[in-house]
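Report on the structure given below.
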Amino acid sequence: MSDTKVTPIVLVTGPSGAGRTTAINVLEDLGYEAIDNLPLRLLPGLVSAAGGAGPMALGMDSRNRDFSPAALLEVFDMLEAREDCDLSVLYLDARPEVLVQRYSETRRRHPLSPGETPELGVQRELSLMGAIRDRASLLLDTSDMNVHQLKAEIEHLFVPAGRKLALSIQSFSYKRGVPRSVDMVFDCRFLNNPYWDLSLRGLDGRDAAVQAHVRGDPRYEGFFARVLEMTLYLLPAYREEGKSHLSIAFGCTGGQHRSVTLAESLAKALAEEGQQVSIRHRELRG
720 MSDTKVTPIV
730 LVTGPSGAGR
740 TTAINVLEDL
750 GYEAIDNLPL
760 RLLPGLVSAA
770 GGAGPMALGM
780 DSRNRDFSPA
790 ALLEVFDMLE
800 AREDCDLSVL
810 YLDARPEVLV
820 QRYSETRRRH
830 PLSPGETPEL
840 GVQRELSLMG
850 AIRDRASLLL
860 DTSDMNVHQL
870 KAEIEHLFVP
880 AGRKLALSIQ
890 SFSYKRGVPR
900 SVDMVFDCRF
910 LNNPYWDLSL
920 RGLDGRDAAV
930 QAHVRGDPRY
940 EGFFARVLEM
950 TLYLLPAYRE
960 EGKSHLSIAF
970 GCTGGQHRSV
980 TLAESLAKAL
990 AEEGQQVSIR
1000 HRELRG
């Protein structure tokens, strides 16, 4: 049996504008030693010096000083051959028109077409990155993701084993679609809707009056009790399976009243049970 200490390494790459910087920042928050735009020639020495000290997240793309597809593929081969490395290649992708739109919104120059149009730079980079994309162990299309959704997806994939199971509870509107990367979804549109009470319409499910209205539905108590009971029943099983993050979402028509009430109520009940809980209301601001 080998005594070699293994360093988990996530190599984050993909076209400019697909979310690589966000992914690197999330991995750093998760405890990875994050290094972005490291010259490829310095990578072997860095890995040797790491000596199994802890997980690393390395950002690589066409902006690296000595970047070339062939050179990066050689890095893949080198890391995969080492017994002291556990390599994952995360390739963040997006549709060409989305990449162009993101550059237009930020008014930044594309690194491969600094004096030309973003469209030309995007085309060049996607052509350049094709072989690297084919070698990725994890491919994540961020075209329809916002920053919060990308963060949640990275956390799903890379929260270190052994960390306490983290729970995220969120509310949403079915008009805008079901959130990405959600483990369990509950539709609460069958409950009484505070929207039809003009005194409550301008409030949301964080308000006590709205919560009282929703909880006044005779079906609420049984529904909520079963959701809480099922969640508490499943948590030990998810921990045993090695899951590090569980996401639960409640949806209603507008994402303002019923779903917010349920999300707030479940988060509070789970926190009282000693669980680590975060909460997000997708349709609410502030």
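Reading the sequence shown from the start, the letters are residues 720 to 1005 in this note's numbering. Where a beta carbon is used, it is the ideal one built from N, C-alpha and C, also for glycine.
Presumed contact (8 Å Cβ cut-off) between residue i and residue j, rounded CB distance
| i | j | result |
| --- | --- | --- |
| residue 925 | residue 983 | 6 Å |
| residue 813 | residue 748 | Their Cβ separation, rounded to whole angstroms, is 22 Å, which puts residue 813 and residue 748 out of contact at 8 Å. |
| residue 966 | residue 887 | 5 Å |
| residue 972 | residue 894 | 7 Å |
Residue i versus residue j - alpha carbon distance
| i | j | result |
| --- | --- | --- |
| residue 987 | residue 858 | 35 Å |
| residue 828 | residue 862 | 20 Å |
| residue 1000 | residue 922 | 14 Å |
| residue 933 | residue 995 | 25 Å |
| residue 735 | residue 759 | 18 Å |
| residue 889 | residue 930 | 16 Å |
| residue 782 | residue 789 | 15 Å |
| residue 875 | residue 848 | 25 Å |
| residue 899 | residue 815 | 21 Å |
| residue 852 | residue 818 | 16 Å |
| residue 1003 | residue 950 | 25 Å |
| residue 866 | residue 740 | 11 Å |
Simplified DSSP state of residue i, which is helix, strand or coil
| i | result |
| --- | --- |
| residue 732 | strand |
| residue 944 | helix |
| residue 970 | strand |
| residue 802 | coil |
| residue 952 | helix |
| residue 922 | coil |
| residue 785 | coil |
| residue 834 | coil |
| residue 874 | helix |
Contacts around residue i, its chain only, beta-carbon distance under 7 Å, and the 5 residues preceding and following it disregarded
| i | result |
| --- | --- |
| residue 854 | 792, 795 and 808 |
| residue 720 | Bear in mind that a pLDDT of 41 at residue 720, under 50, signals an unreliable position, so the model cannot answer this. |
| residue 936 | 910 and 911 |
Cβ-based neighbour list, residue i, same chain, cut-off 8 Å, excluding 5 preceding and 5 following
| i | result |
| --- | --- |
| residue 801 | 766 |
| residue 998 | 887, 888, 889, 982, 983 and 986 |
| residue 990 | 996 |
Three or more C-beta pairs closer than 8 Å, one from the region 772-786 and one from the region 742-761: is that the case here? yes
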